[in-house]
Each structure stands twice: as C-alpha cells, then as structure tokens.
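Below is one structure, written out as structure tokens; the observations come after it.
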Amino acid sequence: MDPNAVVSLLAGRSQWLSGQEMSRTLGVTRAAVWKQITLLRQQGWPIQSSPRLGYRLSGPPPALSGPYLEGLLPSGSLFSGQIQALASVDSTNTRLKALAAAGAPEGSVLLAEEQTAGRGTRGRAFCSPKGQGLYLSVLLRPKAGLEQLLTLTGWAAVALREGIQTACGASAGIKWLNDLYLGRGKLCGILTELALLGESGEPDYVVLGAGVNLTQTARDFQAQGLEGVATSLALEGFFPERHHLAACILAALEEMIQSFPQRQEDYLARYRTHCLTLGRPVAFQADGEARSGTALAVTDRFALEVTCPDGTHHTLSSGSIIQL
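Encoded structure:
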C-alpha cells in the first residue's frame, strides 16, 4: 500500500477521519492504515490520532509532497493527479521538457526542494538553494498560434504575482518582461520555453517555470553574490507555507490557461497596472548597440516601447533591459 494514498485522504481537510472510513475507502485493513500512518510519522508528518475520532493532519509535511499539494486544490483541477515533487533536480524546466517530449499530458507539474542547475532567461543561472524557495514548472499544451503563444510570458507574470498576493498579501511589481520585484529586489524569475512540432512547425507544448525566493536572509544573498539584487518573501515580512503558496500559484495559472487567449485585454490591463518599468529610464541593446531611453508603454503583444533622447523609438519584443 502506498503511503501517498493515506496522504491524499488526509490532505486539505481539517476534520477527523476515522480509521474505519479510511480502510473502507482504501480497500485495506485498519492495521494496514495504521502501518502507513506510523511510517508517515517516522518521516516527520504531523498526524494526530484519537481513539474515538480517528486521524487528521495538524500541519504541512516536512518536505514538498505532491499528494498533499493536490489536496489543497479544488476538485477537478487541471493539475489533479499530475503533481510530482522531487528532493533535487538539475532544473524543473529541463526535466519537465523531457517528460513533455515523451508525451506527458497538459497540467503536469514538477516541484523540487532544490535545483542544482536552475536556469533563467538568456541562459543565466538561477540560484535555487535547498528549502529556501519554491521551484516549480508546469506543462501546457494551449490551442493557439505561435504569435499568441509568444505573449504567454506576460500572462504568466500576471498570474504569478496574483498567486503570490493571494497566498500571503505580498504585492509584487512586474519588471518587463517577466521578473517580479518586491521591496529590495528581485523576488521571482519566470522562464517560458516553447517547443514546435518538427513535421509541421506548429506549437507542441509550453513549459512554464518559476522560482520564488522564500526564506533567504540578507546574509544568504551576500554569500550568493546577490546582495542588493534579490530579495525573499521573508525579508519583506511575508511567510507563506510552501504548499499553500504553490496551490495559490497553480490556481492563478489555471485561471490563466482557461482565459488564454480570449481575455488578452484583461491580462494586458493587469500587466500594465503593475509594470514597474513604465515611465522609467532604461538601458537596452538595439542592433548590437547599447542604447538608453524612457519606457513609454507596453504594446498589445507585451512588447516595450522606448523613446530615446535623440527622438528615435524602439519596440522591444524580447531580451532584457536595465532599469536605471
């Protein structure tokens, strides 16, 4: 008997569940249920028991758990039954892309306690220390054209900031195109990767990855060479439980998936409202030349319009900028 079956019954509920009811639901003896409860307790699961009432969880598990997270999601969620949590992985995006190429279904989710080769945009490394962040990737197979899919990163930025705000009240801003900032620095990085079918060139899947800094201290960032660059929810005074944060983010992503691409104007408006880059001086590369100017607007395709002191205008659809 898989202990995860017991977790699935107990997760997401505050009321007691009798051993008799659990054994009946799982089709095993009460002794088998007790054996799995004992194993889970030995692993650090906070399971309470009462001779008259049965069992219940008094808090989250000691490590990330797919079944526990699923118990926090609404019935019928796109992600139900498709969440995998790993102790360590090179990169959740890299691993999920391999699963996607092998035919994994839409809604597959991969989380990890740590990433040993976490990736950001443009080949940059993303620091992913064990237990200090939420590192997850989601597999999507949206029915949309390539031009529409190229806007999905902007949509994802809206969904991630709203999921974080729902979980703990932290109201992050969006630095164009896909970084979330809060207080002292960068809070969350987003990496969206698209694959095309070789035969037709049509979109096959999108893997959307996010890394949210949770518990790092100023000393942690100093040791990582990120002092004055990055921040964490804890440093800004927010302390969400990881599974709760993940559930809120997944709920926001599911709303995004159901809305894409029909509610483009709605997501654009929300993006523009929280975009920290608008009205700011920025530096960027254009035709291999370093330029600077002022960010004026986000276009209908989530591109950034910039005007330079010499009167020239540039529309940036990808790449990175430096806010001055």
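Under my numbering, the residues of the sequence shown are numbered 1127 to 1450, in order.
Glycine included, each C-beta is placed from N, C-alpha and C at the ideal position.
Item to check | Residue from L1260, L1334, V1264 and L1402 whose Cα sits closest to the Cα of V1424 | outcome: L1402
Checklist entry - Hey, C1292 and A1377: beta-carbon distance below 9 angstroms or not? => result The sequence given here places Thr at residue 1292; Cys does not occur at that position. A contact, by the Cβ cut-off of 9 angstroms.
Item to check | Integer-rounded CB distance, given that A1429 should sit under 8 angstroms from T1441 | outcome: 5 angstroms
Checklist entry - Since R1417 sits in a beta bridge, which residues does DSSP pair it with? => result F1410
Item to check | V1103, buried or exposed, once every other Cβ within 10 Å from all chains shown has been counted against 16 | outcome: With the chain covering only 1127 through 1450, there is no way to say anything about residue 1103.
Item to check | Outcome for D1305 when other beta-carbon atoms lying within 10 angstroms are tallied against a minimum of 16 | outcome: buried
Checklist entry - Which residue spans inside the segment 1242 to 1320 form an unbroken beta strand (DSSP E) run of at least 3? => result 1259 to 1266, 1299 to 1301 and 1305 to 1308
Item to check | Buried/exposed call for S1191, threshold 16 Cβ in 10 Å | outcome: buried
Checklist entry - In the DSSP assignment, what are the bridge partners of H1080? => result Past the boundaries of the shown model lies residue 1080; the chain is included only from 1127 to 1450, so the question cannot be answered.
Item to check | Continuous alpha helix (DSSP H) stretch holding I1173: start and end | outcome: Looking at the DSSP string, I1173 is not in any alpha helix (DSSP H); the run it does join, the beta strand (DSSP E), is I1173 to S1176.
Checklist entry - Is I1290 near I1375, with beta carbons less than 9 angstroms apart? => result yes
Next on the checklist: Taking the straight line between their C-alpha atoms, what separation do you get for L1179 and E1367?
Outcome noted: 27 angstroms
Checklist entry - Measuring CB to CB, does R1396 end up less than 9 angstroms from V1284? => result yes
Next on the checklist: For A1412 and V1264, what's the separation of their Cα atoms in angstroms?
Outcome noted: 32 angstroms
Next on the checklist: Considering only the alpha carbon of each residue, which of A1243, S1206 and L1143 lies closest to D1216?
Outcome noted: A1243
Item to check | Supposed contact pair Y1261 and H1369 - C-beta distance, whole angstroms, cut 8 angstroms | outcome: H1369 to Y1261, Cβ: 14 angstroms. No contact.
Next on the checklist: Could you compute how far the alpha carbon of P1231 sits from the alpha carbon of I1163?
Outcome noted: 31 angstroms
Item to check | At least 3 beta-carbon pairs within less than 8 angstroms: the segment 1346 to 1362 vs the segment 1298 to 1313 | outcome: yes
Checklist entry - By a C-beta neighbour count over all protein chains shown, 10 Å radius and 16 as the cutoff for buried, is L1275 buried or exposed? => result buried
Next on the checklist: One question on the structure: do L1394 and G1280 come within less than 9 angstroms of each other, judged by their Cβ atoms?
Outcome noted: yes
Item to check | Buried versus exposed call for G1170 [16 or more other C-beta atoms within 10 Å across all chains shown] | outcome: exposed
Next on the checklist: Going by beta-carbon coordinates alone, are W1142 and S1184 separated by less than 9 angstroms?
Outcome noted: no
Item to check | L1266 beta carbon less than 9 angstroms from that of V1332 | outcome: yes
Checklist entry - Assuming V1432 contacts L1422 under a Cβ cut-off of 8 angstroms, what Cβ separation, rounded to an integer in Å, is found between them? => result 7 angstroms
Item to check | P1329 (DSSP reduced to helix, strand or coil) | outcome: strand
Checklist entry - Count the other CB atoms within 10 Å of the CB of V1355; is the residue buried (16 or more) or exposed (fewer)? => result exposed
Next on the checklist: Along the chain, where does the alpha helix (DSSP H) containing R1167 start, and where does it finish?
Outcome noted: R1156 to Q1168
Checklist entry - So, helix, strand or coil for R1452, using DSSP? => result Nothing can be reported for residue 1452, as the shown portion of the chain is limited to 1127 through 1450.
Item to check | Reduced DSSP secondary structure (H/G/I, E/B, other) of L1379 | outcome: helix
Next on the checklist: Cutting at 6 angstroms between CB atoms, please list the residues of its own chain near R1427, excluding the five before and the five after it.
Outcome noted: T1277
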